[in-house]
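Colleague:
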């Protein structure tokens, strides 16, 4: 386990499901996972989920899929009262450590084009924009496809954006 300020990064457990669904539901651009879908994720061998756990329970979470030499970040969300404290960064760093331990070479994600804070966070970790999916989300907002390449030791490989986000 590792932490950022007042939280500990830990595997997500069945007991965390209700809190995580509530965090997701109140996050901008929510993926709107329900408890059944999240429980299904916990059962999948390729799904790996972590929470940032505060004194009263989860305050942020990350959901990923590990398939072959890729890690796909499905969702990262933080409770409104706990944003801008480094919890999402700590969760992403835990996922990247997991990826490095397993020989992952590509980490992929989609992010709302208008989510400048998240895009900045991902860029700070070495992700680059590789494409735009127009009208990807239910509300018609575009998604930016982002990629982080890892070398054989699990360290980020520097890259440049392949698309201009303007």
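Numbering (my numbering), first residue to last: 12 to 177. Using N, Cα and C, we set each Cβ at its ideal position, and we do this for glycine too.
1) Applying the 10 Å Cβ sphere with the 16-neighbour rule, what's the burial state of residue 144?
2) Do you know offhand how far residue 115's Cα is from residue 107's?
3) Note down the Cα distance separating residue 132 from residue 70, rounded to an integer number of angstroms.
4) Identify every residue that forms a DSSP beta bridge with residue 86.
5) Under 8 Å, do residue 159 and residue 118 count as touching if we go by C-beta distance?
6) For the alpha helix (DSSP H) that contains residue 24, what are its first and last residues?
7) Using 10 angstroms around the beta-carbon of residue 175, count the other beta-carbons present and answer buried if the total reaches 16, otherwise exposed.
8) What are the boundary residues of the beta strand (DSSP E) that residue 163 is part of?
9) Please report the Cβ distance between residue 79 and residue 87, rounded to the nearest whole angstrom; I am assuming they are in contact, meaning their Cβ atoms lie under 8 Å.
10) Restricting to Cα atoms, I'd like to know which of 47, 135, 169 and 124 is closest to residue 151.
11) Would you tell me roughly how many angstroms separate the C-alpha atoms of residue 74 and residue 65, rounded to the nearest one?
12) Where does residue 119 sit, in a helix, a strand or coil, going by DSSP?
Modeller: On the basis of the coordinates in this document:
1) Position 133 of the chain shown, counted from the first residue, corresponds to residue 144. It counts as exposed.
2) On the chain shown, residue 115 is found 104 positions in, with the first residue counted as 1. On the chain shown, residue 107 is found 96 positions in, with the first residue counted as 1. About 9 Å.
3) Your numbering for residue 132 matches position 121 in the chain shown. Your numbering for residue 70 matches position 59 in the chain shown. So the two alpha carbons sit approximately 18 Å from each other.
4) Taking the chain shown and counting its residues from 1, the one referred to as residue 86 is at position 75. Its beta-bridge partners are 74.
5) In the chain shown, the residue the question calls residue 159 occupies position 148. In the chain shown, the residue the question calls residue 118 occupies position 107. Yes, they are a contact pair.
6) The residue given as residue 24 occupies position 13 in the chain shown. It is not in any alpha helix (DSSP H) - residue 24 carries neither H nor E in the DSSP assignment.
7) Here residue 175 refers to the residue found at position 164 when the chain shown is read from its first residue. Exposed: under 16 other Cβ atoms inside 10 Å.
8) The sequence position of residue 163 within the chain shown is 152, counting from 1. Run containing residue 163: none; DSSP gives neither H nor E here.
9) Locating residue 79 in the chain shown gives position 68, counting from the first residue. Locating residue 87 in the chain shown gives position 76, counting from the first residue. Contact between residue 79 and residue 87 is ruled out by a C-beta separation of about 22 Å, above the 8 Å threshold.
10) Counted from its first residue, the chain shown places residue 151 at position 140. For residue 151, the nearest C-alpha among the options comes from 124.
11) For the purposes of this step, residue 74 is identified with residue 63 of the chain shown, where counting begins at 1. For the purposes of this step, residue 65 is identified with residue 54 of the chain shown, where counting begins at 1. The alpha-carbon atoms of residue 74 and residue 65 are separated by roughly 18 Å.
12) As a working note, residue 119 is residue 108 in the chain shown. Three-state result, residue 119: strand.
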